[in-house]
Amino acid sequence: AGGALIHPQITAQLLPRLSQLATPSASLPSPSAEPSIALTPRERDILRLLAQGYTNQEIGEALALSIGTVKNHLSVIFAKLAVRDRTQAALWAREHLRS
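First residue of the sequence shown: 1, per UniProt numbering; consecutive thereafter.
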């Protein structure tokens, strides 16, 4: 529960390659759609950590949040970004968020 199946360093190496392989049917929102997406500062913090390969538990520890709160934030983030999973959210973050 909340543990990573893939080490964060491996995830960081895979994400750029996965973004190159993305098909149109699995495409992410375009940069032109970004202004309509209003993420709170906390949601942006969580999304940045997710994109770095952090697990829910690691995100919670880094931001002093419970795992349940992290999961709630991620559900809202996924809905706002219109993505289905962590991988799509991480790819979106790498394209749209500034460090």
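Backbone N, C-alpha and C define an ideal beta-carbon position, used for all residues, glycine too. Please read all numbers here as calculations on a predicted model, not as lab measurements.
Practice task
Could you check which residue in 64, 98 and 49 has the C-alpha nearest to that of residue 74?
Solution key: 49
Practice task
Use the C-beta contact count for residue 52: other C-beta atoms within 10 angstroms, 16 or more gives buried, fewer gives exposed.
Solution key: buried
Exercise for the section: Compute the Euclidean distance between the alpha carbons of residue 96 and residue 87, then round it to the nearest angstrom. Expected result: 14 Å
Problem - Terminal residues of the alpha helix (DSSP H) in which residue 75 lies - result: 67–81
Practice task
Could you work out which residue in 38, 98 and 64 is closest to residue 82 when comparing CA atoms only?
Solution key: In this structure, 38 is the residue among 38, 98 and 64 with its C-alpha nearest to the C-alpha of residue 82.
Problem - Where residue 7 sits in the DSSP three-state scheme - result: coil
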